[in-house]
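Enquirer: I have a structure I would like to understand better, so I am pasting it below and will then ask my questions one at a time.
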Amino acid sequence: MSAVTDTETPLRRGGGFARHFGFWPVVTAIVLVLIVGLLLVPVANIVGVSLSAGAKTGSIFENYVNFFSERFYYQTLVNSFWVSIWAMIFAVCLGVPAAYFVNRYEIWGRGFVRAAVVLTFVSPPFIGSYSWVVLFGRSGVLTQFFNSIGVSLPSIYGASGIIFVFTLQFFPFVFLLVSSGLKSIDQSVEDAARNLGSSEFRTFRTAIAPLLVPSITTSALLVFIASFTDLGTPIILGERFRVLPVLIYGEFVNEFGGRPVLASALSVLLLSVTTGALLLQRWLSARFSYATSAIRPLQVQEQPRGKRIAATAFVFLLIGFALLPLVNIVVSSFLKSNGPVLVASFTLDNYARILDRISLPLWNTLFYTTVATLLCAVIGTAIAYIIVRRPGPVSSLLDTVVMFSYAVPGIVLGVGLVVTYHEPPFALTGTATILILAYFIRRLPFSVRSSVSMLQQISRDTEDASINLGAGPGRTFAKITVPLLATAILSGALLTWSNTIRELSATLILQSGTTTTVAIEIFNEVVNGNFGVASALGTVLILLTFLPLVVLFTLLGKKEEALV
Numbered sequence: 001m002s003a004v005t006d007t008e009t010p011l012r013r014g015g016g017f018a019r020h021f022g023f024w025p026v027v028t029a030i031v032l033v034l035i036v037g038l039l040l041v042p043v044a045n046i047v048g049v050s051l052s053a054g055a056k057t058g059s060i061f062e063n064y065v066n067f068f069s070e071r072f073y074y075q076t077l078v079n080s081f082w083v084s085i086w087a088m089i090f091a092v093c094l095g096v097p098a099a100y101f102v103n104r105y106e107i108w109g110r111g112f113v114r115a116a117v118v119l120t121f122v123s124p125p126f127i128g129s130y131s132w133v134v135l136f137g138r139s140g141v142l143t144q145f146f147n148s149i150g151v152s153l154p155s156i157y158g159a160s161g162i163i164f165v166f167t168l169q170f171f172p173f174v175f176l177l178v179s180s181g182l183k184s185i186d187q188s189v190e191d192a193a194r195n196l197g198s199s200e201f202r203t204f205r206t207a208i209a210p211l212l213v214p215s216i217t218t219s220a221l222l223v224f225i226a227s228f229t230d231l232g233t234p235i236i237l238g239e240r241f242r243v244l245p246v247l248i249y250g251e252f253v254n255e256f257g258g259r260p261v262l263a264s265a266l267s268v269l270l271l272s273v274t275t276g277a278l279l280l281q282r283w284l285s286a287r288f289s290y291a292t293s294a295i296r297p298l299q300v301q302e303q304p305r306g307k308r309i310a311a312t313a314f315v316f317l318l319i320g321f322a323l324l325p326l327v328n329i330v331v332s333s334f335l336k337s338n339g340p341v342l343v344a345s346f347t348l349d350n351y352a353r354i355l356d357r358i359s360l361p362l363w364n365t366l367f368y369t370t371v372a373t374l375l376c377a378v379i380g381t382a383i384a385y386i387i388v389r390r391p392g393p394v395s396s397l398l399d400t401v402v403m404f405s406y407a408v409p410g411i412v413l414g415v416g417l418v419v420t421y422h423e424p425p426f427a428l429t430g431t432a433t434i435l436i437l438a439y440f441i442r443r444l445p446f447s448v449r450s451s452v453s454m455l456q457q458i459s460r461d462t463e464d465a466s467i468n469l470g471a472g473p474g475r476t477f478a479k480i481t482v483p484l485l486a487t488a489i490l491s492g493a494l495l496t497w498s499n500t501i502r503e504l505s506a507t508l509i510l511q512s513g514t515t516t517t518v519a520i521e522i523f524n525e526v527v528n529g530n531f532g533v534a535s536a537l538g539t540v541l542i543l544l545t546f547l548p549l550v551v552l553f554t555l556l557g558k559k560e561e562a563l564v
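With the first letter of the sequence shown counted as 1, position 326 gets the number 326 in the numbering used here; the numbers rise by one all the way through.
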């Protein structure tokens with residue numbers, strides 16, 4: 001018996017639009033409208049505004065000409081490339097050996113290392129940056145200590161400080177993806193090389209590393225994109241060293257009269273770089289992909305005691321530095337503070353000071369994050385089904401556009417949404433609706449990729465049987481497909497929650513006084529130098545970020561690589 005198609009069943013059983021057009025075509029149309037309205041139209045409007053005829057020359061390219069002709073402007077683009085490329089290089093140099101040692105050597109505390117990497121991955125980066133100032137700033141705790149013993153430390157400010165912080169913030173991308181790549185390599189690859197007399201290093205360089213090229217290039221470009229689009233760290237550490245996202249933010253929200261047209265042109269430049277990096281990553285992954293079947297994955301090997309100690313020391317030193325800001329945030333939240341000055345005396349005053357002001361930001365954060373996560377779970381699952389089960393030009397377009405949303409920086413999306421929805425009949429700027437929709441479209445790829453991965457492993461025989469027995473495609477999806485995808489849906493939802501709850505860039509552009517979030521409150525306190533209060537708020541945000549991941553790892557048994 002042949003299976004009844006999705007379009008035949010609704011014609012007999014459905015109603016409304018589904019009766020005439022079919023369930024999945026209607027769902028596809030709704031999804032396309034959402035993506036076009038929340039992503040493509042705002043991006044197109046940014047491009048359009050950036051090409052507005054200038055007052056001086058009347059040329060549509062005047063803003064770009066001004067940018068590349070004035071050193072103050074184009075230097076920010078050069079600076080962004082400089083810190084992002086070096087952060088990418090250092091993150092790879094640290095993340096690859098760390099992943100290799102943890103996955104191949106029987107080092108002490110391997111479980112702790114994996115948990116610590118997750119902690120560094122989910123901690124709010126902007127407060128972590130200020131934590132480095134408290135530790136290594138001009139009057140920092142550790143700076144004063146080393147000065148007292150005659151040791152002068154490098155400055156944490158400027159390009160070098162930004163690169164240092166970016167490296168420690170984003171090397172988990174490399175660690176997690178390379179760890180995943182190592183688990184997909186069969187042990188026979190290494191055995192064959194070692195039996196031919198190859199040393200461990202040569203075996204890694206000639207046999208294992210080529211198989212890790214997709215993982216390394218993907219993680220490296222993710223580090224580049226994250227560094228290139230980061231706003232909080234350069235604002236805190238940059239001082240006179242300005243990067244492109246800081247310039248966009250300054251031009252758009254300058255209280256002395258910003259220039260939204262120039263901000264739009266800058267946003268187009270930023271988006272062009274991130275989109276190019278994403279396209280390069282996809283090309284490299286396809287170009288250097290290798291078909292392997294890890295029947296017997298690479299095994300943990302016992303190493304000589306000296307090598308084991310050296311590997312353990314390297315990994316723990318790296319993790320220790322990466323966790324230092326996080327530990328400093330939690331400890332500082334219990335110390336007396338007078339602005340940026342912390343006193344070594346235990347107190348709960350910082351938490352008492354936030355009690356009367358945290359209710360609105362906390363409610364907003366939880367409400368916006370929850371609604372956006374639910375939207376991502378529902379719509380992301382439907383998009384995944386369309387991509388996998390209904391292949392064709394439309395599904396390919398959806399797949400590409402969803403990944404494009406990952407390349408759109410938060411500050412660019414914020415500018416685009418303001419430009420698009422600041423006037424009636426869709427005057428949404430500063431409302432809860434615009435924030436929820438921004439979070440939704442920004443984090444949609446998490447739910448889509450999670451469900452796509454599982455759908456590709458599930459046979460459609462059960463779904464076909466349900467349709468053959470008379471159930472419509474909508475009912476089959478709800479009763480058959482969704483339960484089979486429950487683990488993937490929950491996994492994607494938890495990851496969406498953890499990443500959305502600490503969103504800063506888009507929120508800075510879109511929020512108003514009544515829609516402030518915990519992340520915005522932390523940012524304001526950090527900028528004002530109230531590190532004790534900021535640490536208390538940061539500790540609350542860390543708990544809200546990390547608890548869902550505890551559920552993800554313990555109840556679902558997910559590996560840490562699921563984070564990316």
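Beta carbons are placed, not taken as given, at the ideal position from N, Cα and C, and that holds for glycine. None of the values given here were measured: they were computed from a predicted structure.
1) Mapping DSSP to helix, strand and coil, what is Thr-545?
2) Could you compute how far the alpha carbon of Phe-321 sits from the alpha carbon of Phe-426?
3) What span of residues does the alpha helix (DSSP H) with Lys-479 cover, start to end?
4) If you run the structure through DSSP and keep just helix, strand and coil, what is Val-550?
5) Around the Cβ of Gln-457, are there at least 16 other Cβ atoms within 10 angstroms (buried) or fewer (exposed)?
6) Could you give the residue range of the alpha helix (DSSP H) that holds Ser-272?
7) May I ask you to list the residues that DSSP assigns as paired with Asp-464?
8) Please say whether Ala-407 and Thr-274 have beta carbons closer to each other than 8 Å?
9) Would DSSP call Lys-307 helix, strand or coil?
10) Between which two residues does the beta strand (DSSP E) holding Asn-338 run?
11) Rounded C-beta distance between Val-165 and Ser-219? I'm assuming under 8 Å.
12) Apart from the five residues on each side of it in sequence, which residues of its chain come closer than 7 Å, Cβ to Cβ, to Phe-256?
13) Which class does Tyr-105 belong to by DSSP, given the choice of helix, strand or coil?
14) Out of Phe-404, Tyr-439, Leu-455 and Gly-538, which one is the CA nearest neighbour of Ser-333?
15) Between Ile-436 and Arg-296, what straight-line distance do the alpha-carbon atoms span, to the nearest angstrom?
16) Drop a sphere of 10 angstroms on the beta-carbon of Arg-502, count the other beta-carbons inside from all chains shown, and report buried for 16 or more, exposed for fewer.
17) Where does Gln-187 fall in DSSP's three states?
18) Can you say whether Ile-185 is buried or exposed, counting buried as having 16 or more other CB atoms within 10 angstroms of its CB?
19) Taking the alpha-carbon positions, what's the Arg-71 to Leu-237 distance?
20) Beta carbon of Thr-373, beta carbon of Thr-496: below 8 Å?
21) Quick one: what does DSSP say Ser-345 is sitting in, helix, strand or coil?
22) Measuring only the C-alpha atoms, how far is Gln-511 from Leu-231?
23) Which two residues bound the contiguous alpha helix (DSSP H) that contains Asp-399?
24) Where DSSP assigns a beta bridge to Gln-301, which residues make up the other side?
25) Just confirm the distance between the C-beta atoms of Asn-499 and Phe-446, as a whole number of angstroms; I'd bet it's less than 8 Å.
26) Ignoring anything shorter than 4 residues or poking outside the segment 60-125, list the alpha helix (DSSP H) runs there in chain order.
27) Measure the C-alpha to C-alpha separation of Val-394 and Ser-131 and round it to an integer number of angstroms.
28) So, Ala-534 versus Val-448, is the Cβ gap smaller than 8 Å?
29) Compare the Cα-Cα distances from Gly-216 to each of Thr-365, Leu-317, Ala-99 and Asn-328 and report the closest residue.
30) Whole angstroms are fine: how far does the CA of Tyr-105 sit from the CA of Phe-67?
31) Taking just the CA atoms, how far does Val-246 sit from Leu-280?
32) Does the Cβ of Gly-95 have 16 or more other Cβ atoms within 10 Å, making it buried, or fewer, making it exposed?
33) Thinking just about the alpha-carbon of each residue, which of Asn-528, Leu-469, Ala-382 and Asp-461 is nearest to the one in Phe-23?
34) Just the Cα atoms here: how many angstroms apart are Asn-528 and Pro-304?
35) Is the segment 175-183 touching the segment 202-212 in the sense that three or more CB pairs, one from each, lie closer than 8 Å?
36) Using only CA atoms, which one of Phe-346, Val-331, Leu-221 and Ile-225 lies nearest to Leu-284?
Expert: Let's see:
1) The three-state reading of DSSP puts Thr-545 in helix, counting H, G and I together.
2) Take the alpha-carbon of Phe-321 and the one of Phe-426: they are about 47 Å apart.
3) Where Lys-479 is concerned, there is no enclosing alpha helix (DSSP H), because DSSP gives it neither an H nor an E.
4) When DSSP states are grouped into helix, strand and coil, Val-550 belongs to the helix group.
5) By the neighbour-count rule (16 or more Cβ atoms within 10 Å), Gln-457 is not buried but exposed.
6) Under the DSSP assignment, Ser-272 falls in the alpha helix (DSSP H) whose first and last residues are 260-287.
7) BP columns for Asp-464 are empty, so no partner.
8) Contact annotation: Thr-274 and Ala-407 have beta-carbon atoms nearer than 8 Å.
9) When DSSP states are grouped into helix, strand and coil, Lys-307 belongs to the helix group.
10) The continuous beta strand (DSSP E) containing Asn-338 extends over residues 335-338.
11) Not confirmed; about 18 Å, so no contact.
12) Because Phe-256 sits at a pLDDT of 42, beneath the cut-off of 50, its placement in the model cannot be relied upon, and the point is left open.
13) Note: Tyr-105 maps to strand in three-state DSSP.
14) Checking every option, the nearest Cα to that of Ser-333 belongs to Gly-538.
15) Rounded to the nearest whole angstrom, the CA to CA distance from Ile-436 to Arg-296 is 45 Å.
16) Arg-502 is buried by the Cβ-count criterion.
17) Secondary structure of Gln-187 (DSSP, three-state): helix.
18) Buried: at least 16 other Cβ atoms inside 10 Å.
19) So the two alpha carbons sit approximately 21 Å from each other.
20) Yes. Within cutoff.
21) Note: Ser-345 maps to strand in three-state DSSP.
22) The straight-line gap separating the alpha-carbon atoms of Gln-511 and Leu-231 is approximately 16 Å.
23) It spans 393-407 - the alpha helix (DSSP H) in which Asp-399 sits, taken as one unbroken run.
24) The partner list for Gln-301 (beta bridge, DSSP) reads Tyr-105.
25) Between Asn-499 and Phe-446 the beta-carbon gap is near 7 Å, inside 8 Å, which marks them as a contact.
26) Counting whole runs of 4 or more residues, the segment 60-125 contains the alpha helix (DSSP H) stretches 62-69, 71-104 and 110-122.
27) Answer to the nearest angstrom: the Cα atoms are 47 Å apart.
28) A distance of 8 Å or more separates the beta carbons of Ala-534 and Val-448.
29) A quick correction: the sequence has Ile, not Gly, at residue 216. Residue Ala-99 is the option with its Cα nearest to Ile-216.
30) Roughly 51 Å separates the two Cα atoms.
31) Those two C-alpha atoms are separated by around 25 Å.
32) The residue in question, Gly-95, is buried, as its Cβ has 16 or more Cβ neighbours within 10 Å.
33) The residue from Asn-528, Leu-469, Ala-382 and Asp-461 with its alpha-carbon nearest to that of Phe-23 is Ala-382.
34) The C-alpha of Pro-304 is placed about 52 Å away from the C-alpha of Asn-528.
35) Taking a cut-off of 8 Å for Cβ pairs, the segment 202-212 and the segment 175-183 touch, as three or more such pairs fall below it.
36) Looking only at Phe-346, Val-331, Leu-221 and Ile-225, the smallest Cα-Cα distance to Leu-284 is reached by Leu-221.
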